[in-house]
Each structure stands twice: as structure tokens, then as C-alpha cells.
Amino acid sequence: MTTDAIRDDEYDFRRLEAKWRPIWNGLELFNVDRADAELPRKYVLDMFPYPSGDLHMGHAEQYALGDACARYWRHRGYNVLHPIGWDSFGLPAENAAIKNGGDPREWTYANIAQQAESMQRYGVSFDWSRVLRTSDPEYYRWNQWLFLKMYEKGLAYRKFSAVNWCPNDQTVLANEQVLADGTCERCGAVVEKKKLNQWYFRITEYADRLLDDLDKLEGHWPHKVLVMQRNWIGRSEGADVDFVIEGRDEPVTVFTTRPDTLYGATFMVVAPDSDLAAELAEGASAEVQARFADYLSATQKLSAIDRANTERPKTGVFLERYGINPLNGERLPIWVGDYVLADYGHGAIMAVPAHDQRDLDFAREFDLPVRVVVRPDEAEGEIDPKATGEALAGDGELVNSGELDGLRKDAAIARAIEVLGERGTGKAAKNFRLRDWLISRQRYWGTPIPIMYDDEGTEIPVPTEQLPVRLPDGAGLDLKPKGQSPLAAAEDWVHTTTPDGREALRDSDTMDTFVDSSWYFLRFASPNNDVEIFDPAELQRWAPIDQYIGGIEHAILHLLYARFITKVLYDLGLVPFEEPFGALLNQGMVIMNGAKMSKSKGNSVKLGDELDSHGVDAVRTTMMFASPPEDDVDWADVSVAGAGKFLARAWRVAGDVTSAPGVDFADGDVDTRRAVARFWADVHQLGEGFKYNVMIARVMELTNTIRKAIDSGPGAGDPAVREGAEAIALVLDLFAPYVASDMWERLGHAADTREGSLSHLAWPTADPALLVADTVTAIVQVNGKLRDKLEVAPDISDADLEALARASRGAERAIGDATVRKVIVKAPKFVNIVAK
């Protein structure tokens, strides 16, 4: 028998990659239309990439994870749709064209070709027959079609409003594209406010459904993501209250969550950048108008984050106007103050300074009245918030409130709404933090908005038979930001005719690229359909998505918009479901020495270099072995070379097996067969819980067991040795497909054929007789309560039992987002996990 050192020289990852890649391409192993039509189906989807360059380390983690999931379910007997495409419109391509000259198409499609080449090298099991690119006219035609459908339903509309404006990129941004510090998420410039006539999608019409349906996703989506979406939608319940404004025909409606405190309102505050403020200022003195103009100018330079900062001193201007309190008839002075936002409620508030800290700070700054109307339960003696500087936020009984006196909060709110209704001055209402989705972009490289305008400015939809409205050649356009879309200068393109033959101008804005990604997952069901947006039968066959995989950075933007568009399509009768993603998994980041990789920090790692040095399988295995999927992978702490040595060891095991394929495993060594049975019992459970790091540890253990059986046990010809070697190959297919396929061939199978490939082989289940004969029941508790039971080997180690317990479904559900503080293990029968 030759030594391991000599055999190490025989294992060559470069040879394996060069050998198997063309074989897989020729076999089209993952084309779902070539699979058995009777198989149950699953749809596993990775969030599709932007083609900004070649694949990087973050891509390597995401696609290793998504591929392991897709391959796992194939081995569990499913026909798995695992498609790929590119989110290929957007600013980076346009900025590259501005910098280097040329057309954004050239940069975009060159990067797509490069990424596709790298993905194929990486061995990801994509169905390459279903590729889509959002910048293809065949795709964005349906963006335009969807826009027109929403326009027909009143869900797409245009209006003048103050929008987020990036002065660097010279384009508008949706609220979600402005970072917490008030800067542009793309370029980092401080975002300004600017009034423009822009297109919106009426997502607020779906706010209740978007919020309430999150309950259906509990236990299937990360809790953190659900919380982020709930907070972003931000539903508040209260009342719309109408305040008569002296000298104004129409009342001003104010939303409040505390109509019970109406008697405590002593002034009103209007957002300085609202239309109402400008209107009210017109009736003021010249001095006040001048002060208001200066104040408005200063406000427009502030971000929404700055304006919401409770630590900032309160500023404002009295408008010399008064509103009338609808409950007690009191005259309330009206101010503008930058702590009120134009897009909150109706852009105006009733100020109750005794019970709201921001209102109190404003009242103290300008010496305005403060009236207590809720006496806190714990209060003693006289209470004067104006003197103490602290608003009264506690619950208590209503005082100084007429018919509401003596009532407590909930009863007082209900009674106040009732009184307002009786007087016709208010009603119960809801308010949302969510705002309508601003989709207009003043850039070239995006989907043209399918609207034209006649000489009178009338909106005229482009007839659907004229779709797509194609982008003109970008090479001849000046793409530099200049406050309007470069398309406005494309004379031959922008000038068109209406359906009845009149001259017209096309809308020169393009759509937010989040429109492209809001429904792409549905198009994968029938990506080559040129008759309809998707084939209903194919959609019924595959959707909704069973498992969606991608970064936490898309928790609000992409996922919220995708859920909204899916509900719109449901209402249009085009899809039979309202939630697009049945389950969601967020992978962590790949970092270096505890920090995010970056060229400026000098800690970046090139994926191509790692693949050249260690091979695809070693990189993929390292990614999955380093940590649970949700955790970050610190590349400084891993050993890619060590993964390569393990794979070489497994590969040599397959070459040493001497029994023939098809041998009866039942004739094999019992102890070895028990090890294999325990292995299968573990990996089935671990795969469903995405515990790939523990699964790889099990493969390593079994490899050691089979190596020992070959060298000093029953020998290379024992059927149990073949059973174990085949088990190693089948599970390694999830992480190391090149090694796994070569092992399968070395074990005597026709791995280079569709029929002989291991990619679709169903994993065997553990033989119950082998498990019963050599297992005990381990109790898994979380905080002292029984959460699961596991069948484990009597000689299982504390560490192994802890890993299995943590990975069990019952423990996972009980722990949730809590932090594990302590684990008490008494192998083989007991584990208690203490989590808070």
C-alpha cells in the first residue's frame, strides 16, 4: 500500500476542475425541464448579483451557501429550481461610462460574462437555461407593462413634492436609499431636499397588509428582519383631528396618537417645508415672511436625521396665524418648527408640551403655555413640567379636560374620538411611517417610464403593443449628471407621437432599479416567454420561493418592495399567493481580522487568488465549515489549506475501496455500518437546519472512521467501507462538487453521465436497526424546559452532543434571537441550554 505522502501528489484540484466542468456543462445536470416530471419540486433562490466586477469573497460565501441548500434538497428527492440572473441596470455602470467613455452596456455585459465564467468555475448548480438580465429589453418590457397595469389601477401616479436629492449623482432617492446619517447610500454625499414632479408607486395602500402579513412569516424569516420591516412600516393608531384656521376656508387635519390630550394642546407646529407652511406664511407680515424664507432655506440643508435629533435646540418662527381647538374652542398660535416633518401625518401637529418632550422643549424655548391634562399615578403635589423641563409620559387620570376628566388613557382616547365624531371634527385614523415609493430617477441606465406628454402636458400611456420603449444608444449621449435625465437630450428618442398621431414628448426619467428586482423571482418560472410576463402554469409549478438566501442589507428595501409588488400582482389575478418568499436565510459577511474587507484598509482578499491557490472545493468547504451561515467568517481565522488536505484524504479513501459497486452493504462490518447509520441520521437533520459546519465535521469524522477501517479494520474490500465512502462522496457534493464527482467515479460509477452522476441521487436513510442497537435518547432542555429528544451514540462526546442539541429544531425555536449564556452537558443523556 502506498503512503499518504505519495498519494497527496496524486490529488490535483486543477486537474479535477478541468476535467469535470466541461462534463457538467455538456450534461445540463441542473436543467429542471430535463428532470423527472413526477418529482416534488422546490425553488431555491440566491439574491441575484449586480455585475460590478468579478465575484468577490462575499459572493463566494453566498453562492456556496445557496448551492449547498439546492444540492441538499436534490439529494432529498426534489427537482430543485436554482436559477441565476443579473440586476444589471443602475448607477455604477453609468458612472463607469462617464469615467471611461462609451456605453454602459459594454461595461455591464462584459462584467456579466466575467461573473458567469466565475460562477461556472465555482461549480454552482444553476439552471443556465433560465438566465435573465434586467437590462435586456426582453425583461424591462415587462417592467413597463407592470407600470402601466399599476397606472390603470391608480397605483402609479405623478406629483410635485419635496424629494431626497443627491447633489453628486444628480438624481432623486427613495427614503430607504438615504442612510441614517442623511447621506446617499451610493456615493456618501449629504442628501438635500428638492421639489420635483416625480412618479410614485402607491405602496401605502398596502401598508396594513404588508404589516399584518408579517405574522405569516414568523418562524420562517429571521426575527430581526421582521422587526426591521415592522418598524419601517410603522403603523400608529389614533385620530385625524380637524383644526379650523382663522382666515382659511379649509380646516387643517392633524394626526395624533393621543386625542385624549387635546385639552392640553397650547399651540400648533407646521413643517417648514410643507405646502401648508408656505400658504400660511403668505398671510403674515413682510418681516415674518422674510424670517420664514430664511428658516425654510436653513431647514432644507438639514437631513431628516438631524431634524429628528432630540438633542438639538428647538428653533421656529411664529406665523402670526391661529388655529381653533375643536374641543374647547381655544385659539392656538401656529408656528413652523423643523422638528416636524412634512411627510409625517399631514405635516402639522397639535403641540401638547406637558406630555411630549419635544413640544415641551419648544414651549420652553419660546415661552409658550404648558397645561397638564394627564396626572401620572405616581405624582404627588403640584406638577410643573415647564419648570422641571421633563414632560409627563406616564399613565394616569385625565384632568383639566372637560368631559374627559377622570378617565384613564384608553377610555379617554375612545371618548375623545367619539366626541370628535359627534361634532364632525375628527375620526379614528391610522398613520404609517411608510411613504409612497418614489421610482423616478434622472439617469440613463434604467427602464424608461412608458408615458408620453402632449402639448398640454397630459399624461398618455404608451400602448402595450409598442413595448418595450427601448433605451437609445448611450455612447452618443452626455451621461454626466446635470439635474435631469440624459435621455432628455436624445432628441430623436424623446420626440414621438401619440396613438392618435399628435406630437408628444417621452418621459425622460427612468425607473428605480428596485422595480427591476421587485418581481424577477417570478420571471424565472418562464424567463423566455415573449407573450406574457410569466406563464401561469409554470408559476403555479414553481412559486412561491421555498428558500430565499441573501444579505441582511436587503431587509427593508428589496424585500418590502418585492412583497408589495407580489400583492399587487395577486390583486390583478396574476399570481395565486400574496407572500413571495416562504423562508429567508441571511448569510453573514466575510471579514478579515475582525473588520470588513476594503482596499483602503489593505485587508481585502481576492477570491480569484484563493481559487488559484487552493481550488474551488477547498474555498467552498472552508466557507461552510467556518461558522453557522448567519455568522461572519473571518478569513484570518480559517485554514483553506487544511480544507484542501481533508478533501485530498477523502478522495484517497474512494480510490482505496476495492469492493464492486452494488455490493450488499448488509454483509459489511457491523461497527462500521453503525457509524455510517449514525452519520446519515445526523446529516439529514443538520441539512434541514443549515448546520453545514457541523455536517462537514461529521464528514471528517466518517472519513477518519473509513480510513481506519481500510488501514487496520475490516479492510478495503469490506462492503461497509464502500457504504461509508459513498456516503462521504454524496454529502461532499454539497460543498466540494469536483472532489465528490471524482470520488464517485473512483468508486466505479459512471459519474460522467446523467444517469450515473451523483448530483440527483437520493440520500439513503439510516437503518433503524443499526441505530436502535447502538443509541440512547438524549434530552434537550432550554432554560430547564424539555424542547427536543435526540437519538445519539452511547459514547458520544460532550462537544458532539452539545453541537447536535444546539442544531435541533426544538432548541433553535426556543432560543430564537436570545444569547446562549451557558450549556450544561451530561453525555450521552442530557443537555440544558441557558439562554437570555
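Numbering follows the numbering used here, in which position 447 of the sequence shown is assigned residue number 1397; successive positions increment by one, without gaps.
Even glycine gets a Cβ: it sits at the ideal position worked out from N, Cα and C.
Annotation: the continuous alpha helix (DSSP H) that includes residue 1572 extends over 1566-1575. Going by beta carbons, residue 1109 and residue 1150 fall inside the 8 Å limit.
In the DSSP assignment, residue 1739 is bridged to 1729. Secondary structure of residue 1036 (DSSP, three-state): strand.
Between residue 1235 and residue 1132, the gap from beta carbon to beta carbon reaches 8 Å or more. Pairing residue 1041 with residue 1119 gives a Cβ-Cβ distance under 8 Å. Inter-residue distance for residue 975 and residue 1523 is about 38 Å (C-alpha atoms, whole angstroms).
For the set 1418, 1320, 1487 and 1209, the Cα lying nearest the Cα of residue 1370 is the one of 1209. Across the set 1668, 1655 and 1652, the C-alpha of 1668 shows the shortest separation from the C-alpha of residue 1617. Beyond the five residues adjoining it in sequence on each side, residue 1742 comes within less than 7 Å, by CB distance, of 1725, 1726, 1728, 1751, 1754 and 1778 in the same chain, given in chain order.
With fewer than 16 other beta carbons inside 10 angstroms of its own, residue 1199 counts as exposed.
In this structure, residue 1047 and residue 1429 form a Cβ contact; the two beta carbons are roughly 6 Å apart against a cut-off of 8 Å. In this structure, the beta-carbon distance from residue 1537 to residue 1501 falls below 8 Å. Nearest in C-alpha terms to residue 1546, of all of 1582, 1608, 1063 and 1100, is 1582. In the DSSP annotation of this structure, the continuous segment of the beta strand (DSSP E) that includes residue 1218 starts and ends at 1217-1220. The shortest C-alpha to C-alpha distance from residue 1148 to any of 1107, 1380 and 1175 is the one to 1107. Unbroken alpha helix (DSSP H) runs of no fewer than 4 residues, entirely contained in the segment 1399-1457, are found at 1441-1444, following chain order.
In this structure, the alpha-carbon of residue 1076 lies about 18 Å from that of residue 1008.
Of the candidates 1706, 1422 and 1229, 1706 places its Cα closest to the Cα of residue 973. Per DSSP, residue 1148 is one residue of the beta strand (DSSP E) stretching across 1142-1151.
Annotation: the segment 1493-1523 contains the following complete segments of the beta strand (DSSP E) (minimum length 3 residues), in chain order: 1497-1501. With a contact defined as Cβ atoms closer than 8 Å, residue 1326 and residue 1346 qualify at about 4 Å.
Distance from the CA atom of residue 1135 to the CA atom of residue 1141, rounded to whole angstroms, is 10 Å. Taking residue 1401 as reference, the option from 1431, 1455 and 1389 with the minimal CA-CA separation is 1455. When DSSP assignments are scanned along the segment 1197-1249, the uninterrupted stretches of alpha helix (DSSP H) that are 4 or more residues long and fall wholly within it turn out to be 1225-1232 and 1236-1249. Between residue 1099 and residue 1759, the alpha-carbon positions lie close to 43 Å from each other. Within the DSSP bridge table, the entry for residue 1488 names no partner. The DSSP-derived three-state label of residue 1669 is helix. In terms of CA proximity to residue 1197, 1272 leads the group 1649, 1763, 1665 and 1272. The Cβ-Cβ distance between residue 1496 and residue 1390 does not fall below 8 Å.
Per DSSP, residue 1176 is one residue of the alpha helix (DSSP H) stretching across 1173-1183.
DSSP places residue 1325 in the uninterrupted beta strand (DSSP E) bounded by 1324-1326. Between residue 1374 and residue 1167, the alpha-carbon positions lie close to 40 Å from each other. Under DSSP, residue 1107 shares a beta bridge with 1150. With respect to the 8 Å criterion, residue 1014 and residue 1648 are not classified as neighbours on the basis of their beta carbons. The three-state secondary structure of residue 1333, taken from DSSP, is coil.
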